[in-house]
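The structure under discussion appears below in the form of structure tokens.
Protein chains: 2
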Amino acid sequence: MKTPGGMLLTGIELDRSSPVPLYRQLYLQVRKQILSGRLPGGTRLPSTRTLCKELGLSRITLLNAFDQLTAEGFLASRTGAGSYVGDEWEGRDAAADKPRKPPRLSSMSQAVHSLRSDHFSGMSYSAWAPDCPTSFLPSHPAYDAFPMLVWKRMMNRHLRKPGKTELGYGELKGLLRLREAIVEYVADARGIECSVDQVVITSGAQQAFNLLGMLLLNPGDSVWMEDPGHIAARIAFQALGCQLVPLRIDDQGLDVMQGLRECPEARLAFTTPSRQHPLGTTMSYARRQELIDWAGRSQGWIIEDDCDSEFRYVGRPLPALYAMDQWDKVIYVGTFSKVLYPSLRLGYVILPEDLVEPFCAIRAVMDRSPSTLHQATTADFMLDGHFLGHIRRMRNLYQARQACLVEALQRHLGGFLSVTPVEAGLHLMGWLPEKMDDDDLARGLADHQVYTYALRDYCIRHYLPPGLLLGFAATPETQAEQRVQEFVQALRAIGMRV
Amino acid sequence: MKTPGGMLLTGIELDRSSPVPLYRQLYLQVRKQILSGRLPGGTRLPSTRTLCKELGLSRITLLNAFDQLTAEGFLASRTGAGSYVGDEWEGRDAAADKPRKPPRLSSMSQAVHSLRSDHFSGMSYSAWAPDCPTSFLPSHPAYDAFPMLVWKRMMNRHLRKPGKTELGYGELKGLLRLREAIVEYVADARGIECSVDQVVITSGAQQAFNLLGMLLLNPGDSVWMEDPGHIAARIAFQALGCQLVPLRIDDQGLDVMQGLRECPEARLAFTTPSRQHPLGTTMSYARRQELIDWAGRSQGWIIEDDCDSEFRYVGRPLPALYAMDQWDKVIYVGTFSKVLYPSLRLGYVILPEDLVEPFCAIRAVMDRSPSTLHQATTADFMLDGHFLGHIRRMRNLYQARQACLVEALQRHLGGFLSVTPVEAGLHLMGWLPEKMDDDDLARGLADHQVYTYALRDYCIRHYLPPGLLLGFAATPETQAEQRVQEFVQALRAIGMRV
Numbered sequence: 001m002k003t004p005g006g007m008l009l010t011g012i013e014l015d016r017s018s019p020v021p022l023y024r025q026l027y028l029q030v031r032k033q034i035l036s037g038r039l040p041g042g043t044r045l046p047s048t049r050t051l052c053k054e055l056g057l058s059r060i061t062l063l064n065a066f067d068q069l070t071a072e073g074f075l076a077s078r079t080g081a082g083s084y085v086g087d088e089w090e091g092r093d094a095a096a097d098k099p100r101k102p103p104r105l106s107s108m109s110q111a112v113h114s115l116r117s118d119h120f121s122g123m124s125y126s127a128w129a130p131d132c133p134t135s136f137l138p139s140h141p142a143y144d145a146f147p148m149l150v151w152k153r154m155m156n157r158h159l160r161k162p163g164k165t166e167l168g169y170g171e172l173k174g175l176l177r178l179r180e181a182i183v184e185y186v187a188d189a190r191g192i193e194c195s196v197d198q199v200v201i202t203s204g205a206q207q208a209f210n211l212l213g214m215l216l217l218n219p220g221d222s223v224w225m226e227d228p229g230h231i232a233a234r235i236a237f238q239a240l241g242c243q244l245v246p247l248r249i250d251d252q253g254l255d256v257m258q259g260l261r262e263c264p265e266a267r268l269a270f271t272t273p274s275r276q277h278p279l280g281t282t283m284s285y286a287r288r289q290e291l292i293d294w295a296g297r298s299q300g301w302i303i304e305d306d307c308d309s310e311f312r313y314v315g316r317p318l319p320a321l322y323a324m325d326q327w328d329k330v331i332y333v334g335t336f337s338k339v340l341y342p343s344l345r346l347g348y349v350i351l352p353e354d355l356v357e358p359f360c361a362i363r364a365v366m367d368r369s370p371s372t373l374h375q376a377t378t379a380d381f382m383l384d385g386h387f388l389g390h391i392r393r394m395r396n397l398y399q400a401r402q403a404c405l406v407e408a409l410q411r412h413l414g415g416f417l418s419v420t421p422v423e424a425g426l427h428l429m430g431w432l433p434e435k436m437d438d439d440d441l442a443r444g445l446a447d448h449q450v451y452t453y454a455l456r457d458y459c460i461r462h463y464l465p466p467g468l469l470l471g472f473a474a475t476p477e478t479q480a481e482q483r484v485q486e487f488v489q490a491l492r493a494i495g496m497r498v
Numbered sequence: 001m002k003t004p005g006g007m008l009l010t011g012i013e014l015d016r017s018s019p020v021p022l023y024r025q026l027y028l029q030v031r032k033q034i035l036s037g038r039l040p041g042g043t044r045l046p047s048t049r050t051l052c053k054e055l056g057l058s059r060i061t062l063l064n065a066f067d068q069l070t071a072e073g074f075l076a077s078r079t080g081a082g083s084y085v086g087d088e089w090e091g092r093d094a095a096a097d098k099p100r101k102p103p104r105l106s107s108m109s110q111a112v113h114s115l116r117s118d119h120f121s122g123m124s125y126s127a128w129a130p131d132c133p134t135s136f137l138p139s140h141p142a143y144d145a146f147p148m149l150v151w152k153r154m155m156n157r158h159l160r161k162p163g164k165t166e167l168g169y170g171e172l173k174g175l176l177r178l179r180e181a182i183v184e185y186v187a188d189a190r191g192i193e194c195s196v197d198q199v200v201i202t203s204g205a206q207q208a209f210n211l212l213g214m215l216l217l218n219p220g221d222s223v224w225m226e227d228p229g230h231i232a233a234r235i236a237f238q239a240l241g242c243q244l245v246p247l248r249i250d251d252q253g254l255d256v257m258q259g260l261r262e263c264p265e266a267r268l269a270f271t272t273p274s275r276q277h278p279l280g281t282t283m284s285y286a287r288r289q290e291l292i293d294w295a296g297r298s299q300g301w302i303i304e305d306d307c308d309s310e311f312r313y314v315g316r317p318l319p320a321l322y323a324m325d326q327w328d329k330v331i332y333v334g335t336f337s338k339v340l341y342p343s344l345r346l347g348y349v350i351l352p353e354d355l356v357e358p359f360c361a362i363r364a365v366m367d368r369s370p371s372t373l374h375q376a377t378t379a380d381f382m383l384d385g386h387f388l389g390h391i392r393r394m395r396n397l398y399q400a401r402q403a404c405l406v407e408a409l410q411r412h413l414g415g416f417l418s419v420t421p422v423e424a425g426l427h428l429m430g431w432l433p434e435k436m437d438d439d440d441l442a443r444g445l446a447d448h449q450v451y452t453y454a455l456r457d458y459c460i461r462h463y464l465p466p467g468l469l470l471g472f473a474a475t476p477e478t479q480a481e482q483r484v485q486e487f488v489q490a491l492r493a494i495g496m497r498v
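If you read the sequences in order, they're chains P and Y. Everything in the first sequence is counted per the UniProt record's numbering, starting at 1 for the first residue and increasing by one. Everything in the second sequence is counted per the UniProt record's numbering, starting at 1 for the first residue and increasing by one.
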């Protein structure tokens with residue numbers, strides 16, 4: 001049987017090709033053996049000479065490692081008697097072999113875990129991977145058409161002589177100039193009248209939904225959700241322990257009457273009035289009024305998610321729900337992810353006055369204001385007039401891209417997929433033959449690098465026929481034909497007769 | 001008494017100097033009168049001719065406004081009978097005058113509200129305002145010494161031909177290259193062995209603390225907190241409904257024995273071992289081992305906040321607590337706010353393997369990965385070798401700045417303030433005469449644009465003498481003298497005999 005010292009030797013494996021210096025490799029491995037209990041406290045180590053010889057190390061390398069181990073209390077040396085493992089490392093053997101219990105997690109964590117759809121693990125994150133094609137992925141704008149030269153110039157302005165303003169901690173509510181630009185923009189584009197004090201910048205809409213949930217909801221509170229509807233928002237509210245009240249979508253939008261029948265006392269309604277997510281319906285004025293009146297009467301709150309109303313191809317964009325709200329019950333959430341680009345990570349909340357201060361308190365606890373550089377660049381882009389031009393260009397581009405994709409889809413898949421163009425947004429719905437499982441289909445397609453989302457993922461009660469969300473904004477007209485052919489091939493590869 | 005039509009006229013005020021077009025001003029104001037109930041449903045409006053005359057508007061301007069109001073259902077027109085306010089706007093008068101109830105908020109919001117120290121409203125945010133001097137503000141690095149030219153060059157690399165990788169949604173865990181750079185850095189600088197899969201990028205340490213709280217803590221759970229200790233982390237855990245167990249700091253750091261006596265069953269311990277925040281103590285090896293053994297035995301968790309251990313002026317930096325943990329109970333939180341700059345908004349968490357997946361699930365619900373551009377630039381900066389050089393330069397710079405400030409403080413305020421240099425970090429402690437209220441003093445100083453933090457804000461139980469946190473990293477040696485003189489003047493202005 002080997003002596004502990006011998007054990008040390010057998011345990012050490014030095015990699016001479018590694019960038020990590022040898023003394024450091026030795027240090028780390030000896031420490032690991034001590035921590036794991038493999039080298040018990042009190043063990044006497046072989047002499048430096050033996051170790052140098054056995055390990056093929058120079059004396060200086062060895063001493064470097066041992067000095068550090070000694071300084072850190074792992075080794076003790078007794079004059080004349082060489083080095084020992086410090087006695088305080090006695091009886092640690094337990095640690096290594098102990099059977100691992102599952103980690104103790106919060107109830108929220110367990111809830112999220114059970115709630116989490118593939119949206120938060122497999123498919124859609126793989127679909128978000130840098131290298132995968134964007135064709136058919138909803139919520140991806142046209143990266144190829146982003147005016148990067150202008151953007152770059154504006155960004156570099158702020159990189160010239162940056163000081164505390166650019167590099168330090170940002171203002172709690174976000175950069176004032178950006179909030180001013182937003183106030184001006186939403187007044188013109190969305191009919192919203194608000195002051196800069198009511199605008200708070202977030203790192204995107206998803207953070208806004210979570211902060212608003214924390215601000216307004218207690219565990220057990222009921223929330224009206226559109227069904228089908230926004231998945232990430234739904235999970236955010238469920239993670240807070242809320243009850244969902246799924247409301248059907250008809251041609252006028254959210255069925256408010258159903259909500260009044262089933263749960264008038266709901267604390268919050270989450271809605272996408274300008275372009276229902278994912279179906280694309282626009283909420284009628286009558287419905288908007290019903291919804292606002294419910295909130296006013298019942299002291300409920302309304303979150304208006306307005307992520308891509310800029311991209312409307314038919315008719316003029318309707319003013320925001322916020323603009324109709326005389327009860328100060330509507331909270332408006334906007335984002336730059338679609339209208340500029342997702343990795344900018346900028347969104348904003350427009351709050352009724354009496355929610356501003358409480359919202360900021362939670363905002364300050366949860367996170368700081370996003371990158372000042374990105375806020376400043378976005379503000380310039382808006383105030384220098386590039387923003388509206390960009391939106392106009394993208395609207396035309398997306399309209400053309402949709403037309404082109406619809407044409408190709410109908411030509412190649414007319415019998416299989418029933419496609420109707422959307423009035424607004426970045427994706428259209430492709431309706432599948434009845435009884436088909438859109439979830440399975442989307443997974444199957446993903447295995448062949450064709451990424452779509454299944455309508456089913458968006459549904460709470462499953463009363464709709466199967467369908468796929470097909471993004472069109474990121475597919476140039478020149479590529480539509482090829483993408484659709486890939487789509488067809490993928491369908492055949494998973495056994496569809498198309 | 002005026003006719004409703006007349007009321008409309010009196011209500012309208014057009015600003016001809018405003019950038020908002022006249023038709024839009026008219027549209028917004030009429031809509032507001034209808035929404036507020038000032039113009040009840042059914043009201044007949046004056047003829048277009050009258051309105052044009054009274055308001056001094058061209059017919060086309062008026063019609064533009066009325067067309068939109070009609071399209072949006074605010075006005076109805078009956079041929080020959082002119083325009084009416086839509087009947088569905090009947091009886092809204094209530095809304096405007098109704099006495100406002102206080103808004104219904106979540107218990108968490110109310111808790112945060114009551115917990116919130118000035119840290120989250122007045123003083124320190126005003127201190128974070130772009131225009132205020134950084135002298136004496138803790139946690140501000142040297143903006144004047146940041147290598148912006150190199151940084152700018154690297155950032156612009158990624159702005160050349162950006163595609164989905166740069167502009168699209170980032171990877172859930174953060175950019176792989178940055179996580180690789182972090183793994184290499186923490187191995188060399190902090191003695192941490194981990195895989196890229198254990199590293200998750202966050203938008204700074206504060207977001208990490210919140211996500212970890214949600215992951216690990218249930219309402220009512222007990223948390224060991226250093227006293228004095230990290231304010232924002234403390235409030236994050238309290239906001240989740242947790243009980244704080246304040247543990248004293250002695251010359252060895254966190255008093256683990258006190259924790260074992262008072263609350264051995266705590267779910268989590270939050271600690272700053274490399275540089276106790278705010279006192280600057282380094283936790284001894286014995287204490288580290290006690291802490292880790294507690295966690296291993298009791299299935300507790302440890303959050304190691306390591307925000308600025310890079311800046312150690314005396315002795316070599318000690319390896320991270322994480323590196324000593326054989327029980328997989330330590331979660332390491334790092335940030336780039338101090339070592340690069342705060343508005344970069346990048347931090348990271350290094351998780352035990354069995355926490356990675358649950359953490360990512362919550363992370364995906366709460367927010368997306370931070371700006372890819374900043375992650376990519378930071379990765380380049382690290383992998384191209386600029387990072388370590390920057391740290392080395394800043395370490396020397398801060399050491400010199402501290403020495404200079406200490407000298408000036410002792411020369412001018414020796415009798416009033418007892419100053420001792422810190423071994424690590426960006427601020428030193430200035431101890432005040434007994435019985436003085438450091439909180440009042442800090443507020444008084446802030447009124448004279450001299451920003452410090454009061455030690456008292458960091459204390460849970462108040463057993464320490466009064467003191468001020470004095471940041472030195474952001475004050476160039478050439479300015480130290482003047483800043484200290486301003487400090488002296490401010491003290492005199494608030495009636496201190498110095």
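Here a beta-carbon is modelled for each residue, glycine too, at the ideal position from N, C-alpha and C. Computed from a predicted structure; not experimentally measured.
Through-space distance from Ala269/Y to Pro264/P, alpha-carbon basis: Near 43 Å, if we compare the C-alpha coordinates of Ala269/Y and Pro264/P.
Going by other Cβ atoms of all chains shown within 10 Å of its Cβ, with 16 needed for buried, is Ile249/Y buried or exposed? That one is buried.
Report all residues from its chain with a CB closer than 6 Å to the CB of Arg179/Y; omit the five preceding and five following residues, and keep chain order. Around Arg179/Y, the same chain offers Val196, Val199 as residues with beta carbons nearer than 6 Å, after the five sequence neighbours per side are excluded.
Below 6 Å CB to CB, which residues in the same chain sit around Thr48/P once its five sequence neighbours on both sides are set aside? Result list for Thr48/P: Leu62, in chain order.
Of the choices Tyr398/P, Gln489/P, Gln485/P, Val85/P, whose alpha-carbon is the least far from that of Ala474/P? The candidate whose alpha carbon is nearest that of Ala474/P is Tyr398/P.
If the cut is a Cβ gap below 7 Å, which residues of chain P does Arg368/Y touch? What Arg368/Y touches in chain P: Gly204, Gln206, Arg345.
Any beta-carbon of chain P closer than 9 Å to the one on Ala442/Y? Answer no: the Cβ-Cβ gap between Ala442/Y and chain P never drops below 9 Å.
Tell me, please, whether the CB atom of Lys338/P is closer than 9 Å to any CB atom in chain Y? Taking Cβ atoms only, chain Y never reaches closer than 9 Å to Lys338/P, which makes this a no.
Given that Met324/Y touches chain P, what residues does it touch there, using C-beta distances under 9 Å? By Cβ distance, chain P contributes Arg31, Leu35, Glu72.
Three-state class that DSSP yields for Ile362/Y in the structure shown: DSSP places Ile362/Y in helix when its eight states are reduced to three.
For His412/Y, which residues of its own chain have a beta-carbon under 6 Å away from its beta-carbon, when the five flanking residues on both sides are left out? Excluding positions up to five away in sequence, the list reads Val484, Val488.
Residues in its own chain within less than 7 Å of Arg368/P by CB, not counting five upstream and five downstream? Tyr169, Gly170, listed in sequence order.
Could you check what DSSP says for Phe270/Y in three-state terms: helix, strand or coil? The three-state reading of DSSP puts Phe270/Y in strand, counting E and B together.
Measuring only the C-alpha atoms, how far is Arg275/P from Ala323/P? When rounded, the separation of the alpha-carbon atoms in Arg275/P and Ala323/P is 16 Å.
Burial state of Ile60/Y (16 or more Cβ within 10 Å): The residue in question, Ile60/Y, is exposed, as its Cβ has fewer than 16 Cβ neighbours within 10 Å.
Would you check if the segment 157 to 167 of chain P and the segment 346 to 359 of chain P touch, i.e. whether three or more CB-CB distances between them fall below 8 Å? No, the segment 346 to 359 of chain P does not touch the segment 157 to 167 of chain P.
Inter-stretch contact (C-beta, 8 Å, three-pair minimum) for the segment 446 to 458 of chain Y and the segment 421 to 438 of chain Y: Judged by Cβ distances under 8 Å, the segment 446 to 458 of chain Y makes contact with the segment 421 to 438 of chain Y, as three or more pairs qualify.
Counting only C-beta atoms, is Gln289/Y closer than 9 Å to chain P at any point? Gln289/Y counts as touching chain P.
Is Ile201/P closer than 9 Å to Pro342/P when the C-beta atoms are compared? Annotated as distal: Pro342/P and Ile201/P, with beta-carbon spacing of 9 Å or more.
Identify the contact partners of Val112/Y in chain P, using a Cβ-Cβ distance below 7 Å as the criterion. Within chain P, the C-beta atoms nearer than 7 Å to that of Val112/Y come from Ala361, Ile362, Val365, in chain order.
Have a look at Met436/P, Met394/P, Asp251/P, Gly471/P and flag the residue whose alpha-carbon is nearest the alpha-carbon of Ala145/P. Per the Cα distances, Met394/P.
Comparing the CB of Leu115/Y with every heavy atom of the ligand NAD, is any distance shorter than 8 Å? What this structure holds is no ligand at all, so the ligand NAD is not there to describe.
Simplified DSSP state of Leu340/Y, which is helix, strand or coil: Leu340/Y: coil per DSSP, three-state reduction.
So with Cβ pairs under 9 Å, would you call His374/P a contact of chain C? Note that chain C does not occur in the displayed structure, where the protein chains are P and Y.
Rounding to the nearest angstrom, what Cα-Cα distance links Cys194/Y and Pro352/Y in this structure? Cα-Cα distance, rounded: 9 Å.
Report the CB separation of Leu216/P from Trp301/P in whole angstroms; it is logged as a contact under 8 Å. Contact flag correct, Cβ pair sits at about 5 Å.
Is the CB-CB distance between His140/Y and Gly471/Y below 9 Å? In this structure, Gly471/Y lies closer than 9 Å to His140/Y by Cβ.
Say whether chain Y places a C-beta atom closer than 9 Å to the C-beta of residue 501/P. Outside the modelled stretch of chain P, which goes from 1 to 498, sits residue 501/P, for which no answer is possible.
Leaving out five residues before and five after Arg461/Y in sequence, what residues of the same chain have Cβ atoms less than 7 Å from its Cβ? Cβ neighbours of Arg461/Y beyond the five flanking positions: Asp227, Pro246.
Look at the alpha carbon of Leu291/P and the alpha carbon of Gln482/P, and state the distance between them as a whole number of angstroms. Using only the alpha carbons, I get a separation of about 44 Å.
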